[in-house]
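Scroll down for the structure; my scribbles are underneath it.
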Amino acid sequence: MMTINRNILTLDEFTIMQLRGFPAATGELSSLFRDLGLAAKRVNVEVNKAGLVDILGDAGSVNVQGEDVKKLDIYANNQFMGVLKHGISCAGIGSEELDDFVVFDDEVSNNSKYVVQFDPLDGSGNIDVNISIGTIFSVYRRVSEVGKPCTKADFLQAGNRQVAAGYMIYGSSTMFVYATKLGVNGFTLDPAIGEFCLSHPNIKCPSSGNVYSVNHGHFFRYSEGVRNYINACQKKDKSNGGPYTQRYIGSMVADVHRNLMKGGIFMYPGTVDKPLGKLRLLYECNPFAYIIEMAGGRATDGKQRIMDIQPTFLHQRTPFFIGSMDMMNELDTYITGEK
Ligand code: P6P
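Sequential numbering of the sequence shown, starting at 242, is according to the working numbering.
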């Protein structure tokens, strides 16, 4: 682990310092994080004033998910796509807001090493009621030949091939949290200087916690194993790691961020009518799965490691369970029927 001996270390300084130990590093990944940080600052400005200007409310359109699209979704999508297209590191993107992958196909982009999948503004249904929302991203090294346009194969890699992943949370403060094989680090935006500053170095997810996050409204549509685990959570007391608290904001970035920092489990199970659940594999589940594993936790679809799922299309969904190692291991015993 790198020794931090500065009062303020900005995102740019940190990423450069981290990669100093890798002579082969070209600086493209540092540049990618700088691009993402710039877009996040721009989105943050609009999120912070969403109630003041007519950026709120439906844009009158419906996205590929069939969901009403808020104007901020479109704005955020365009900001992230713009900085990545005009940067030096990204050959193409996949976005929740776009029907298909986007190959940038210009001379600089075709010579870029990475592709990025992102959900530009997750939890956007909460924009109108001022609940924390976020951006989620996932970075892959392309498998296609550099120098040519990237291909679908670049975007349909399993999550275990991610080289980085992260999220921004636009909440009481705005944070940029990202993971690489070197660990998970959190940066808080200092509005006074317009920089993301290292505030949470070397984040580790507590091996257990007492928070469980799930939408109880779907309870009777979950599998028996999941229902049994939820019942067990409600019966916890001091004798077995409880009592537990149920916390569910309806904004995954906020729920998972809290559980990452304090310990806990977040569940978006499949249901009898929607066996694959709601959350998308490529740009919601894989990134958080990478982050939680780098922080010492686990993420599964109830049967297998999320990052081992071979994607088949951009918007595919998966049941999603993520959190502290011990809590995830206990969940398994209910899903497999041991308990
Ligand atoms: P439900 C937001 O729309 C989102 O994708 C996640 O951020 C959130 O955790 C989930 O959906 C909430 O879904 O069905 O519980 O309202």
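Ideal placement from N, C-alpha and C gives every residue a C-beta, glycine not left out.
Excluding the 5 residues preceding and the 5 following residue i in the sequence, name in chain order all residues of the same chain whose CB lies nearer than 8 Å to its CB.
i	result
residue 495	364, 372, 373, 374, 375, 410, 412
residue 336	318, 321, 322, 343, 358, 359, 360, 361, 524
residue 206	Nothing can be reported for residue 206, as the shown portion of the chain is limited to 242 through 580.
residue 279	324
residue 444	418, 424, 425, 426, 427, 501, 502, 536
Looking at the structure shown, is residue i part of a helix, part of a strand, or coil, going by DSSP?
i	result
residue 382	strand
residue 554	coil
residue 457	helix
residue 531	helix
residue 340	coil
residue 579	coil
residue 471	helix
residue 263	coil
residue 425	strand
residue 507	strand
residue 327	coil
residue 582	The structure shown does not extend to residue 582, since the chain spans only 242 to 580, so no value can be given for it.
residue 546	strand
residue 439	strand
residue 574	helix
residue 541	strand
residue 275	helix
residue 392	coil
residue 368	helix
Compare the beta carbon distance of residue i and residue j with 8 Å and say whether it is the shorter of the two.
i	j	result
residue 552	residue 510	no
residue 420	residue 258	no
residue 507	residue 251	no
residue 406	residue 549	no
residue 433	residue 383	no
residue 502	residue 538	no
residue 491	residue 367	yes
residue 285	residue 415	yes
residue 378	residue 528	yes
residue 500	residue 452	yes
residue 450	residue 568	yes
Only counting the same chain, and skipping five residues up and downstream in sequence, which positions put a Cβ closer than 7 Å to that of residue i?
i	result
residue 578	466
residue 517	511, 558, 559, 560
residue 387	352, 354
residue 385	391, 392, 394, 395
residue 273	328, 330, 331, 355, 380
residue 572	470, 506, 562
residue 468	460
Can you tell me the Cβ-Cβ gap for residue i and residue j, rounded? I've got them flagged as a contact below 8 Å.
i	j	result
residue 342	residue 393	6 Å
residue 396	residue 281	About 22 Å; that fails the 8 Å criterion.
residue 521	residue 498	So it is not a contact: roughly 18 Å between Cβ atoms.
residue 325	residue 334	6 Å
residue 350	residue 270	Going by Cβ atoms, the distance from residue 350 to residue 270 rounds to 16 Å, so no, they are not a contact pair.
residue 427	residue 440	6 Å
Step through the CB atoms of chain B and report whether any lies within less than 8 Å of the CB of residue i.
i	result
residue 265	Among the chains of the structure shown, chain B does not appear; only one protein chain is present.
Apart from the five residues on each side of it in sequence, which residues of its chain come closer than 6 Å, Cβ to Cβ, to residue i?
i	result
residue 540	530, 533, 547, 563
residue 477	483, 484, 485
residue 283	320
residue 580	574
residue 454	488, 489, 496, 507
residue 570	none
residue 526	520, 547, 559, 561
Take the Cβ of residue i as the centre, count every other Cβ of all protein chains shown within 10 Å, and call the residue buried at 16 or more, exposed below.
i	result
residue 370	exposed
residue 312	buried
residue 380	buried
residue 481	exposed
residue 268	exposed
residue 504	buried
residue 291	buried
residue 471	buried
residue 667	For residue 667 there is no data in the structure shown, the boundaries of the chain being 242 and 580.
residue 263	exposed
residue 554	exposed
residue 275	buried
Any heavy atom of the ligand PLP closer than 7 Å to the beta-carbon of residue i?
i	result
residue 501	For the ligand PLP, the structure offers nothing, since it holds only the ligand P6P.
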